[in-house]
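For the sequence shown, our numbering puts the final residue at 121, and the numbers step up evenly by one. Virtual Cβ for every residue (Gly too), placed ideally from N, Cα, C.
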Amino acid sequence: MYLLIAFMSETEKANNLIHKMKENGFNGGTLFDGVGLKKIIPKIYDVPLVASLHSIFKEDGEMSKVLFCVVENMEEVHQLTDIIEELVGDLYNPNTGLVIAHKLDFVKGYDRWKDPDL
């Protein structure tokens, strides 16, 4: 099993990603809002409260989406990567995103996510 983590620069494509994942049998995952350190560092000293960073970056359109998804094997890693690239373009291009996969030695509770009816 693998943990796939995908960073998508174009947040508006997150809904399409969820639909495409479902269409292709990926029934679980978690999406987060994120901001890269490269974008935070120049602005962090201009903001009195770190909590207000979220609103500043959201207004600037500098937020990204981060997907965490446990998949069975490398075939699914590549399948999900292909789905992401259909939406954002070739990940080798700038400002598209990044996908990484990490082999997992232990997972508990995954079986319930494989069943779309649960």
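(request) With a cut-off of 8 Å on the beta carbons, I'd call Leu-107 and Leu-70 a contact; round off their distance for me. (result) Residue 107 sits at position 104 when you count from the first residue of the sequence shown. Residue 70 sits at position 67 when you count from the first residue of the sequence shown. Leu-107 to Leu-70, Cβ: 16 Å. No contact.
(request) With DSSP collapsed to three states, give me the class of Asp-1. (result) Residue 1 lies beyond the stretch modelled for the chain, which goes from 4 to 121, so this question has no answer here.
(request) Specify whether the stretch 13-32 and the stretch 84-93 touch according to this definition: at least 3 beta carbon pairs, one from each stretch, less than 8 Å apart. (result) With the cut-off at 8 Å, the stretch 13-32 and the stretch 84-93 touch.
(message) Taking the beta carbon of Val-91 as the centre, do at least 16 other beta carbons fall within 10 Å, making it buried, or is it exposed?
(response) Looking up residue 91 in the sequence shown gives position 88. Counting Cβ neighbours within 10 Å, Val-91 comes out buried, since at least 16 surround it.
(message) Looking at the secondary structure, which residues open and close the alpha helix (DSSP H) in which Thr-33 lies?
(response) Within the sequence shown, residue 33 is the residue found at index 30, counting from 1. Element bounds for Thr-33: not the alpha helix (DSSP H) but the beta strand (DSSP E), 33-37.
(request) Mind reading off the beta-carbon distance from Leu-7 to Leu-94? Whole number of angstroms is fine, and I expect it under 8 Å. (result) Taking the first residue of the sequence shown as position 1, residue 7 is located at position 4. Taking the first residue of the sequence shown as position 1, residue 94 is located at position 91. Contact between Leu-7 and Leu-94 is ruled out by a C-beta separation of about 13 Å, above the 8 Å threshold.
(message) Could you check whether Gly-112 and Phe-10 sit closer than 7 Å to each other, using their CB atoms as the reference points?
(response) On the sequence shown, position 7 is the one that residue 10 refers to. On the sequence shown, position 109 is the one that residue 112 refers to. No. Outside cutoff.
(message) Can you give me the C-alpha to C-alpha distance between Leu-38 and Lys-68, rounded to a whole angstrom?
(response) To locate residue 38, count along the sequence shown from 1; it is residue 35. To locate residue 68, count along the sequence shown from 1; it is residue 65. Here the sequence assigns Val to residue 38, which means Leu is not the residue at that position. In this structure, the straight-line span from the alpha carbon of Val-38 to that of Lys-68 is close to 8 Å.
(request) Classify Leu-20 as helix, strand or coil using the three-state DSSP reduction. (result) In the sequence shown, the residue the question calls residue 20 occupies position 17. Looking at Leu-20 - three-state DSSP - the assignment turns out to be helix.
(request) Please report how far the alpha carbon of Met-4 lies from the alpha carbon of Asn-30, in whole angstroms. (result) For the purposes of this step, residue 4 is identified with residue 1 of the sequence shown, where counting begins at 1. For the purposes of this step, residue 30 is identified with residue 27 of the sequence shown, where counting begins at 1. Taking the straight line from one Cα to the other gives about 15 Å.
(request) Per DSSP, which residues does Lys-68 bridge with? Please list them. (result) In the sequence shown, residue 68 corresponds to position 65, counting from 1. According to DSSP, Lys-68 bridges with Met-11 and Asp-36.
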